[in-house]
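A.B. asks:
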Amino acid sequence: MVITRELRDEIKNSVSTCIASILKEDDFFQRIAQKVTDSVIKTLEERISSLEQKVKEINLSNNNILADVKDETAMLKSENDLLMKKIDDMEQETRLNNLRIFKLEEREGENLNDKVIKVTIIPTYDTDVLGYWVAENEDLLAKFKIDLSPSASRCTINLQDHETSCSAYRLEF
Numbered sequence: 051m052v053i054t055r056e057l058r059d060e061i062k063n064s065v066s067t068c069i070a071s072i073l074k075e076d077d078f079f080q081r082i083a084q085k086v087t088d089s090v091i092k093t094l095e096e097r098i099s100s101l102e103q104k105v106k107e108i109n110l111s112n113n114n115i116l117a118d119v120k121d122e123t124a125m126l127k128s129e130n131d132l133l134m135k136k137i138d139d140m141e142q143e144t145r146l147n148n149l150r151i152f153k154l155e156e157r158e159g160e161n162l163n164d165k166v167i168k169v170t171i172i173p174t175y176d177t178d179v180l181g182y183w184v185a186e187n188e189d190l191l192a193k194f195k196i197d198l199s200p201s202a203s204r205c206t207i208n209l210q211d212h213e214t215s216c217s218a219y220r221l222e223f
């Protein structure tokens with residue numbers, strides 16, 4: 051079919067009339083506004099839904115990380131407690147060979163690094179030997195207020211330094 055000028059003018063007039071009649075309708079702009087609003091709302095709902103899904107995934111990931119951190123913290127605390135106990139046991143074991151000295155009085159200005167001390171072990175389990183030694187050193191024991199009662203310790207040590215000929219002190223080891 052051949053479109054003539056008259057046909058084209060008629061189509062143009064028909065379209066213009068149709069558009070004019072549509073534009074004259076009161077609800078035309080409301081319908082356009084509603085369609086635009088619906089389109090915007092739909093787009094926003096899709097984006098919100100997508101964001102909500104991402105937030106859920108992030109929360110799940112954070113909860114998993116938090117659980118891992120709590121597990122790791124509990125494991126490290128347990129391991130730390132075990133290591134602290136081992137250290138304490140090792141320290142206690144090293145103290146087995148330490149000496150505890152009782153009644154060794156400090157003197158003002160005394161420097162123990164400069165003091166030379168000889169140590170002699172006197173067994174207290176042999177009361178005859180202890181009695182003989184105490185009898186021989188009674189004056190020094192009284193001078194230094196030293197108690198060598200056999201029930202006080204498993205052994206007693208005699209300390210000699212350059213300032214006194216013999217000063218005895220009770221030691222435990």
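Per the working numbering, residue 51 is the first one in the sequence shown, and the count goes up by one each step. Heads up, the beta-carbon is just placed ideally off N, CA and C, and yes, glycines get one too. If you're wondering where the values come from, they're calculated on a predicted model, not measured in any experiment.
Are there 16 or more other CB atoms within 10 angstroms of the CB of residue 187, so buried, or fewer, so exposed?
C.D. replies: Mapped onto the sequence shown, residue 187 falls at position 137. Counting Cβ neighbours within 10 Å, residue 187 comes out buried, since at least 16 surround it.
A.B. asks: Rounded to whole angstroms, what's the CA-CA distance from residue 192 to residue 182? Just pull it up for me.
C.D. replies: Here residue 192 is taken as the residue at index 142 of the sequence shown, counted from 1. Here residue 182 is taken as the residue at index 132 of the sequence shown, counted from 1. So the alpha carbons of these two residues sit roughly 15 Å apart.
A.B. asks: Measure the beta-carbon distance from residue 78 to residue 72 and round it to whole angstroms, keeping in mind my assumption that it falls under 8 Å.
C.D. replies: In the sequence shown, residue 78 corresponds to position 28, counting from 1. In the sequence shown, residue 72 corresponds to position 22, counting from 1. The pair is a contact, with the Cβ atoms about 6 Å apart (cut-off 8 Å).
A.B. asks: Measuring only the C-alpha atoms, how far is residue 55 from residue 76?
C.D. replies: Here residue 55 refers to the residue found at position 5 when the sequence shown is read from its first residue. Here residue 76 refers to the residue found at position 26 when the sequence shown is read from its first residue. Approximately 34 Å, taken between the alpha carbons.
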